[in-house]
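Visitor: Counting from 1, position 48 in the sequence shown corresponds to residue 248 in my numbering; the numbering is continuous, with no gaps. Positions of the beta carbon are idealized from the N, C-alpha and C atoms, including for glycine. Please read these numbers as outputs of a predicted model, since none were measured by experiment.
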Amino acid sequence: KRVGDFDAYALLYLMKKENLSIEETENLLMAKGGIYGLSGISGDFRDIEEEMLKGNKRAELTFKTFAYYVKRYIGEYLAVLNSTDCIVFTAGAGQNSPLLREKILSNMEDLGIILDKRKNSLNPKEGVISHEDSKIKIAIIPANEEYIVANEVKNFLENK
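1. Could you tell me which residues DSSP pairs with Gly327 in its beta bridges?
2. Rounded to whole angstroms, what's the CA-CA distance from Arg258 to Ile235? Just pull it up for me.
3. From what residue to what residue does the alpha helix (DSSP H) around Ile313 run?
4. Inspect the CB distances between the stretch 291 to 300 and the stretch 349 to 358 and report whether three or more fall short of 8 Å.
5. Tell me whether the stretch 235 to 247 and the stretch 285 to 297 touch, counting them as touching only if at least three CB pairs, one residue from each stretch, are closer than 8 Å.
6. My guess is that Leu305 and Ile338 are in contact by the Cβ rule of under 8 Å, so how many angstroms apart are they, rounded?
7. State the Cα-Cα distance for the pair Asn307 and Gly255, rounded to the nearest angstrom.
Written out as structure tokens, the structure reads:
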């Protein structure tokens, strides 16, 4: 349900048009933003992918839009950094969806990014999934978001 990039003026327009407070706007973005807002189905990418495979066009649009933005971010980072050693997929959809990883990394061979489709299709929980000819490694590294949040809370409380 995380909201990606959007025009700040669109947010102000929405707040004025719907007469929303800051708190109401925050709740709206948290509850109905992101892939949930685009798909109208769910904030869980597994549900989006499942519906897309059943032929749901709105789910397909959400899937393609999400993949496009991730691919665009990769391109932006490569332009700024001039290169990178590795692209890492972690947490949620990136870690668990071979189809999404394939869509994101398609047609990036000229940038030295080559996905090994066989390794990717095995959907490993962790490991390198780039082709041996890929100049840039592609990896899956599991995330434990709950641990990270709990650790931050612990550190905060200890330093209070």
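Guide: On the basis of the data shown:
1. DSSP output for Gly327 lists Ile340 as bridge partner(s).
2. Taking the straight line joining both Cα atoms gives about 11 Å.
3. Segment: none, Ile313 is in no alpha helix (DSSP H) and carries neither H nor E.
4. Put simply, the stretch 291 to 300 does not touch the stretch 349 to 358. Fewer than three CB pairs are less than 8 Å apart.
5. Yes: the two stretches touch, three or more of their Cβ pairs being nearer than 8 Å.
6. Rounded, the Cβ-Cβ distance is 7 Å, consistent with contact.
7. Their backbone Cα atoms lie some 24 Å apart in a straight line.
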